[in-house]
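*Asks:* Residue numbers (my numbering): 109 to 325.
Here's a structure for you.
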């Protein structure tokens, strides 16, 4: 099965990707993980991407697509795969379609979109706190420390990362909304889009996704 998982930051894509990987028996391919791995291994694509990353710039689509092409050529992808974090834009979706057609390995069969209201995402991400000492993660609502503002493990003060500040979260969500609206329409017209309520308990979300995939085979 060939699946792409979409959703805003904080929608639970990482959690659901792990479940789907195990239940479907296909590799989980994260564009972010591919970038970090390529840079760490010092591959040609990784060296090219590192320059953009070091300057705080977005890695161009052609480099990301090149990494995805390499990954899809691996033997464990013969029976399918799960894409996480790609495509993000209409241009990337069209480029992915061309890649899959040229490779002759079969196109996307399902595109799952996790629906989570933006205000819920702000609560999920804005409540995260990080230990300034050991890096342990907490959440003021869902996983609070025993003592307010203090790490259970090392006693250091908890801090709010810049990425978890409300202004930053809303800016990221604004970008996601602008990029994703045409992407959802693109896949909906092709009959590939499966929308799932991402606000339920993780196990329930997993069940809804698997049901949607089964019903549309």
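For each residue, glycine too, the CB sits at the ideal point set by N, CA and C.
1. Secondary structure at residue 258, three-state DSSP: helix, strand or coil?
2. Under DSSP, the alpha helix (DSSP H) around residue 283 begins and ends at which residues?
3. Which of helix, strand or coil does DSSP assign to residue 181?
4. Relative to the alpha-carbon of residue 179, which residue among 168, 194, 165 has its alpha-carbon at the smallest distance?
5. Can you look up residue 319 in the DSSP assignment and give me helix, strand or coil?
6. Throw me the rounded Cβ distance for the residue 143 and residue 177 pair, which I believe falls under 8 Å.
7. Do you know how far the Cα of residue 236 is from the Cα of residue 211?
8. In angstroms, rounded to a whole number, what distance separates the CA positions of residue 185 and residue 136?
*Replies:* Reading from the atomic positions:
1. In the three-state scheme derived from DSSP, where H, G and I count as helix and E and B as strand, residue 258 is classed as strand.
2. Counting along the chain, the alpha helix (DSSP H) containing residue 283 begins and ends at 274 to 297.
3. It is coil, neither helix nor strand.
4. The shortest C-alpha separation from residue 179 is found at 194.
5. In this structure, residue 319 counts as helix in the three-state DSSP scheme.
6. That pair is no contact at about 14 Å.
7. Taking the straight line joining both Cα atoms gives about 41 Å.
8. Going by the C-alpha atoms only, they are around 10 Å apart.
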